[in-house]
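Here's the structure we're looking at; comments come further down.
Chains as they are written, first to last, in the working numbering: chain A, 68 to 595; chain B, 77 to 385; chain C, 209 to 337.
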């Protein structure tokens with residue numbers, strides 16, 4: 068569709084349809100409630116970006132290639148828990164976890180294998196990693212450099228959103244303030260050298276998965292976004308320099324119209340705040356771009372095939388909500404990482420929406436519907452209440468409000484309360500979950516699930532040992548020393564030192580340990 | 077079992093503590109064994125408003141005190157849910173997470189103990205003492221009257237505030253500030269830390285110790301618990317208070333007072349039990365009926381009840 | 209006296225939504241919940257179980273390491289001579305349930321377990337031990 072200039076936009080029955088309908092601000096017009104582009108998917112479909120990662124870099128490389136062959140239009144990388152937590156595969160904490168929840172990346176050699184035979188200049192890649200994001204980014208950059216690809220040609224996203232880790236996902240390493248420094252260092256670096264790269268994917272997905280309501284997901288995510296804007300400006304960047312390269316990541320859950328209202332409200336709020344509160348002047352700073360993933364937490368282990376229906380409806384909500392990029396979960400993901408077949412069905416689900424349903428022919432087709440507009444307003448109203456509270460906590464600074472809210476457990480408490488309320492509703496039958504507390508017959512037990520073979524861990528340990536064998540210890544030592552020196556200097560940017568360290572074949576864990584010496588580590592007081 | 081606990085057996089100590097918490101004959105037996113061997117442990121109470129960072133501070137202090145071979149125990153008291161009688165006890169995870177033979181952490185809810193917290197907590201402290209613990213830190217949130225009493229009978233009471241505490245009317249009301257032998261301004265890296273110190277000094281200038289050199293004036297220690305700053309100073313301040321008390325006979329006095337309070341609490345508990353029994357007796361029921369019929373006042377009924385043997 | 213249960217996650221996984229919900233459910237049923245939360249080791253859990261004289265250990269597992277982690281916990285509990293049940297909640301594929309029992313896990317509770325069933329199962333496991 069995107070390539071065919073002569074394609075007629077008409078229904079299945081041949082009825083021509085216009086790009087947009089209705090009065091008032093149009094898609095592509097401030098405040099972008101109806102979408103950030105005038106004709107939305109007519110001009111370009113959302114990116115079908117399927118999240119993948121398991122086993123060793125070679126295993127995931129194979130899956131990447133399959134997804135590209137099957138029609139996926141962007142890559143998205145899932146890392147294993149040790150990698151996400153900044154630990155090497157031979158770390159005692161890594162035992163039993165290597166390659167299980169994603170791909171194991173210890174050194175730049177793994178990164179190279181991960182993208183073997185994939186042209187980094189023509190494929191956009193998303194990397195879902197936060198605590199050690201700077202290090203993984205450094206590895207990606209080092210691989211590109213090795214292959215002679217210019218930094219300006221690299222396109223993609225790194226999640227690099229540390230606030231939501233303290234609030235929801237808990238993949239933090241260092242305390243909040245030094246972590247935000249690492250985030251802004253990366254932002255400064257990519258703003259200067261990698262103009263096609265999205266330096267942060269401000270994420271609500273995980274906040275929602277941890278149990279928040281839709282309005283909380285919206286509010287906390289945008290608040291985090293405002294906080295990063297303030298942090299980056301404080302670090303010396305001009306607002307219009309970097310905001311166009313901030314991206315967002317939302318959940319798409321099951322309450323259809325609540326989700327659509329949420330997405331539309333997100334765009335409107337961001338545009339307004341960027342313009343009125345932060346005085347951005349470039350239109351690109353006002354346009355909120357987001358990736359969506361269907362809600363993992365809504366998938367049931369019981370009668371798992373029916374998750375295909377859930378995912379289809381969630382994906383539809385995201386498309387009707389105007390997402391720029393979409394990952395659809397596989398039906399077996401309540402049980403394990405997806406099998407190839409299940410991942411393919413998930414991708415085909417998007418392709419059906421894109422090519423068979425006709426919803427992509429019209430921008431914001433639900434705009435103007437009374438319920439949808441009301442829901443959009445309501446989501447916005449609820450979010451504004453949260454913003455007021457955070458500004459109050461932060462004495463006028465959203466950044467300080469977010470730090471305070473993390474520290475006093477505000478976010479975590481709200482999320483835990485919402486999660487508990489939801490669970491009680493399911494328990495007492497007020498909320499129906501098909502297959503779980505109603506319509507329960509038909510559960511034939513799980514089918515094939517992806518099993519990570521026990522050998523994976525041993526294999527990765529061999530790979531790691533081989534790298535350690537061939538590298539020059541003195542160079543590694545010097546590089547780590549330099550990382551510590553740079554980290555201890557609050558005015559310096561850590562990225563060049565990190566790139567040099569990964570090039571010297573320092574491992575992720577070694578670099579994290581060096582940074583921990585300077586920044587300390589973080590233990591939260593859990594708000595239950 | 078007490079011998080095992082003295083020898084460092086964690087499980088034995090854990091079991092003894094449970095026996096005391098449960099009350100009854102087992103608790104009495106433990107007390108009989110423990111009491112003669114107690115009297116050596118130094119008890120530090122840690123309290124302050126919620127969010128002041130007490131748990132982190134207690135954790136850091138514990139680590140500092142256990143350096144050099146001392147055995148340290150922490151009794152972390154968390155509120156019981158009044159609705160269900162259950163509790164979520166989450167303080168211990170903030171205490172540095174190092175598993176060490178020298179540090180013993182025990183969580184305790186405020187309810188569900190025979191005779192209440194004011195009976196159970198001293199019993200727990202006695203077990204720690206008899207088991208050879210050198211320093212016991214009792215950590216509570218300073219919002220319940222009973223919790224305040226428990227902490228207030230420690231050898232040294234540390235009250236933790238944070239910048240901006242001057243607005244904490246609740247802390248003022250709860251009588252928290254009078255309890256302090258040492259003040260800590262935690263999160264001292266925040267704006268307002270020096271104001272907080274100044275406000276405390278001002279308040280101390282107005283207090284009874286201000287013009288009386290024979291009295292202890294609470295020192296103010298600044299800490300940033302999350303970074304470990306000020307911990308050594310706090311430990312030194314505690315040591316300083318201990319030395320001062322020993323010199324002035326105050327330590328012995330406080331301990332005697334603590335034991336007196338405990339005897340009183342036991343007496344009150346026994347008395348309450350006995351009173352309930354009497355109220356349930358034929359005579360008691362008859363008296364209550366007189367009160368309900370408005371022929372006798374409650375006070376007169378009580379005097380009659382007590383005067384009977 | 210209220211029954212005391214340790215709630216924790218072993219290993220690196222930080223998904224604690226379920227653990228927190230279970231903590232509240234058990235509190236509401238009158239338990240004293242010693243909430244250790246995420247990133248615990250078998251050693252730290254055993255130390256807590258001894259110090260707190262816990263009646264049970266509840267573990268939440270979500271990302272595929274359940275066999276390794278369960279084995280580790282069982283071994284640590286046995287080595288300490290503790291006779292308390294280990295209860296595992298979260299995601300355990302059907303094919304592994306029997307293996308977990310063989311390893312020594314007392315009870316396994318799947319996603320969607322109701323509060324009532326949870327409490328019954330925990331009390332049952334404690335009584336049976």
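Note that CB positions come from ideal geometry on N, CA and C, so glycine has one too.
- DSSP places residue 121 of chain B inside the beta strand (DSSP E), whose first and last residues are 118-124.
- Non-local C-beta neighbours of residue 380 of chain B in its own chain, meaning closer than 7 angstroms and more than five positions away in sequence, comprise 363, ordered along the chain.
- In the three-state DSSP reduction, residue 189 of chain B falls in the coil class, being neither helix nor strand.
- For residue 154 of chain B, the uninterrupted beta strand (DSSP E) run begins and ends at 148-154, by DSSP.
- When 7 angstroms is used as the limit between beta carbons, residue 228 of chain C is near these residues of chain A: 483, 486, 595, in chain order.
- Burial state of residue 459 of chain A is exposed, judged by a 10 Å Cβ sphere holding fewer than 16 other Cβ atoms.
- For residue 83 of chain A, DSSP records a beta bridge to A/77.
- In this structure, the CA atom of residue 162 of chain B is about 7 angstroms from the CA atom of residue 237 of chain C.
- Using a Cβ-Cβ cut-off of 7 angstroms, residue 91 of chain B is close to 261 of chain C, given in chain order.
- Residues of chain C with a Cβ closer than 7 angstroms to the Cβ of residue 494 of chain A are, in chain order, 322, 323.
- Assigned with DSSP and collapsed to three states, residue 222 of chain C falls in coil, not helix or strand.
- Interface annotation for the stretch 158-169 of chain A against chain C: 160, 161, 162, 163, 164, 167, 168, criterion Cβ-Cβ distance under 8 angstroms.
- Contact between the stretch 355-375 of chain B and the stretch 223-234 of chain C is absent: fewer than 3 CB-CB pairs across the two stretches fall below 8 angstroms.
- In this structure, residue 218 of chain C sits near residue 277 of chain C, with a CB-CB distance shorter than 8 angstroms.
- Taking C-beta separations shorter than 7 angstroms and ignoring five residues to either side along the sequence, the partners of residue 345 of chain A in its chain run 296, 306, following chain order.
- Note on geometry: alpha-carbon atoms of residue 392 of chain A and residue 175 of chain A lie some 27 angstroms from one another.
- Cβ contact annotation for residue 357 of chain A (same chain, cutoff 8 angstroms, sequence separation greater than five): 314, 315, 316, 317, 330, 333, 390, 391, 392, in chain order.
- Here DSSP, grouped into helix, strand and coil, assigns residue 113 of chain A to coil.
- DSSP places residue 223 of chain A outside any alpha helix (DSSP H); the residue lies instead in the beta strand (DSSP E), whose first and last residues are 223-225.
- Cβ atoms of residue 575 of chain A and residue 150 of chain A come within 8 angstroms of each other, at about 7 angstroms.
- Cβ contact annotation for residue 157 of chain A (same chain, cutoff 7 angstroms, sequence separation greater than five): 528, 531, in chain order.
- With respect to residue 301 of chain B, residue 136 of chain B sits close: the two C-beta atoms are nearer than 8 angstroms.
- Contact with chain B is absent for residue 263 of chain A, since none of that chain's Cβ atoms lies less than 8 angstroms from the residue's Cβ.
- The Cβ of residue 587 of chain A sits closer than 8 angstroms to at least one Cβ of chain B.
- Under the DSSP definition of a beta bridge, residue 190 of chain A lacks any partner.
- An exposed status is given to residue 183 of chain A, since fewer than 16 other beta-carbon atoms sit within 10 Å of its beta-carbon.
- What residue 330 of chain B touches in chain A, judged by beta-carbon distance under 7 angstroms, is nothing: the nearest beta carbon there is about 31 angstroms away.
- Among the residues of the stretch 234-252 of chain C, those with a Cβ less than 7 angstroms away from any Cβ of chain B are 234, 235, 236, 237, 238, 239, 240, 241, 242, 243, 244, 245, 251, 252, in the order of the chain.
- Scanning chain C for C-beta atoms nearer than 9 angstroms to the C-beta of residue 278 of chain A yields 225, 228, 229, reported in chain order.
- Interface with chain C (8 angstroms Cβ-Cβ cutoff): residue 97 of chain B is included.
- Under the 8 angstroms criterion on CB atoms, residue 209 of chain C is classed as interfacial with respect to chain B.
- Of the residues A/81, A/585, A/98, the one whose Cα lies closest to the Cα of residue 340 of chain A is A/98.
- Comparing C-alpha distances from residue 430 of chain A to each of A/207, A/95, A/78, A/559 shows the shortest one belongs to A/95.
- Judged by DSSP in its simplified three-state form, residue 292 of chain B adopts coil rather than helix or strand.
- Nearest CB-CB separation between residue 312 of chain C and chain A: not below the 8 angstroms threshold.
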